[in-house]
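One structure below.
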Amino acid sequence: MTSPAKLRPPANILLIQLGDIGDVVLTTPTIRALKESYPDARVSIMVRKPFGTLLAGDPHLHEVVESIKPRGKLFKVMGEYLGFAGRLRRARYDLAIDLRTGDRGAFLSFITGAAERVGRRVGEQWSWHDLMFTRVLPESLPAGPAGVHPGADQSLRIIRELGIDTPDSLPRLYVAPHDREQGVALLAKAGLAPGGRMVTLNPFSRWAYKEWDSGKWRAVIEWLWDQHQLPSVIIGSPEEAAAAEAIINGLEGRAFSLAGKTTLGELTAVISLSSLHIGVDSAAPHMAAALGIATATIHGPSDWRDWRLSDDRHRIITPATECVPCHGMGCDDSRKSRCLEELSVAEVIADIDRILLMQRDSGGQAT
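At position 227 of the sequence shown the residue is numbered 226 (numbering that gives the first Met the number 0), and the sequence of numbers has no breaks.
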């Protein structure tokens, strides 16, 4: 095995992470590692719009750049792209690192004009994609040592090839002060007392086969209130707002909805103020864990083993069936998951109860 080729010390670094919210969260150890290795350098990151507010409070970042995807007439689109390209060139990055293998990230890396541009090869054969970079790494890279967070290692593997590493691979999010103020205000407006305890719930996924029955969520909400006097705050996107309202209908005083009412930064603040986050396989559990909040996450067909944190504050709740995880889009790719349909309320609340009792015994928030 060859030793990593070390970089000349860069002064202005741009990470390009055009993945989903969970990918952005899992990139935070890479951000820290770069800042630790080059403390005098400016470290910036490019993410998809509107994910930038997620990282607004990160003290290791100089700037968060949101990529653009303009729509409209040809000349308008071209004008916006040229303006964005000019902005990237004026930033004078001397190192750009694309953390994915998509064409868009590769092209944007090239557009920066950085003297050093690092990316991975797509497949095993040379392609035009390679021309976008000055240093092309293999698509498949060696895994990190034992104990490295598997999800975070996807990005850490890349910078490890450049001679950069960190002993701390835990993802971390930081809440910007203005987002915290807004989060507190949103909770108060919803009817929650300032400083009061609560649980955040995210029952939603982009993929319906990862979701659990809404009636069972109502039962969990009622149990949280009856047994632990914990109100529930449902979070989600604007598209999920109606479904959230349907779940909490008739549960006044016990459940509230902020679905569709927050920016990502404000959502980060709301989650950070909770005692526990309960959800399904989506971005929210990654966010909660990165904020130091205990999590209980329901998984069915999808695999959790590369993403979970290995401590008792973070529990994965799975159906007791041999086929789990099947890695399919539901049973036989039917987009329906019998394993989740059969997962009972009793099984879910048993795991939630363990977390809450552990918090009580350790002097945590929940009782």
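Here a beta-carbon is modelled for each residue, glycine too, at the ideal position from N, C-alpha and C. These numbers come from a predicted model, not from an experiment.
Residues bridged to residue i (per DSSP)
| i | result |
| --- | --- |
| G118 | V135 |
| N248 | Looking at the DSSP assignment, N248 forms no beta bridge with any residue, so it has no partner. |
| H276 | T199 and T294 |
| V232 | T199 and F255 |
| I110 | According to DSSP, which records beta bridges pairwise, I110 is partnered with nothing at all. |
| I12 | V42 and L94 |
Presumed contact (8 angstroms Cβ cut-off) between residue i and residue j, rounded CB distance
| i | j | result |
| --- | --- | --- |
| I316 | V347 | 6 angstroms |
| L263 | P49 | 6 angstroms |
| R253 | W224 | 4 angstroms |
| L342 | P318 | 5 angstroms |
| R31 | A10 | Wrong, their Cβ atoms sit about 18 angstroms apart, outside the cutoff. |
| G118 | A105 | 6 angstroms |
| V279 | W211 | 6 angstroms |
| L272 | G182 | 6 angstroms |
| A240 | G259 | 4 angstroms |
| I158 | L33 | 7 angstroms |
| S370 | R47 | An answer regarding residue 370 cannot be provided, because it is not within the stretch 0 to 366 covered by the chain. |
As assigned by DSSP and simplified to three states, the class of residue i
| i | result |
| --- | --- |
| T199 | strand |
| E210 | coil |
| S271 | helix |
| D39 | coil |
| I316 | strand |
| D97 | strand |
| E258 | The identity of residue 258 in the sequence shown is Ala, whereas the question assumes Glu. It is coil, neither helix nor strand. |
| L266 | helix |
| L185 | helix |
| L172 | coil |
| L17 | coil |
| V76 | helix |
| M286 | helix |
| I348 | helix |
| E238 | helix |
| K215 | helix |
| T1 | Its pLDDT being 49, under 50, T1 is placed unreliably in this model, and the value from its coordinates should be taken loosely. If DSSP states are grouped into helix, strand and coil, T1 belongs with coil. |
| A192 | coil |
| E221 | helix |
| L356 | helix |
| T366 | With a pLDDT of 38 at T366, under the threshold of 50, the predicted position of this residue should be treated as unreliable, though the coordinate-derived value follows. Of the three classes helix, strand and coil, the one that applies to T366 here is coil, per DSSP. |
| E341 | helix |
| G104 | helix |
| H326 | coil |
| E180 | helix |
| D310 | coil |
| R7 | coil |
| D332 | helix |
| G82 | helix |
| R70 | coil |
| R88 | helix |
Beta-carbon gap between residue i and residue j smaller than 8 angstroms
| i | j | result |
| --- | --- | --- |
| L60 | L54 | yes |
| I270 | R312 | no |
| K209 | G299 | yes |
| T27 | A289 | yes |
| I277 | L200 | yes |
| E265 | D178 | yes |
| Q16 | L87 | no |
| S126 | R116 | no |
| I20 | A282 | yes |
| I234 | L250 | no |
| A95 | A113 | yes |
| I351 | A287 | no |
| R120 | A142 | no |
| L6 | L161 | yes |
| S36 | I163 | yes |
| L229 | R196 | yes |
| A151 | P170 | yes |
| D102 | H128 | yes |
| L25 | S154 | yes |
Cβ-heavy atom distance, residue i to the ligand NAD, below 7 angstroms
| i | result |
| --- | --- |
| P8 | Within the structure as shown, the ligand NAD is missing, as the structure has no ligands at all. |
Q) Where in the segment 125-169 do unbroken runs of the alpha helix (DSSP H), each at least 4 residues long, occur, reported from the N-terminal end onward? A) 149-159
Q) Hey, which unbroken runs of the alpha helix (DSSP H) at 4 residues or more fall wholly within the segment 21-68? A) 27-36
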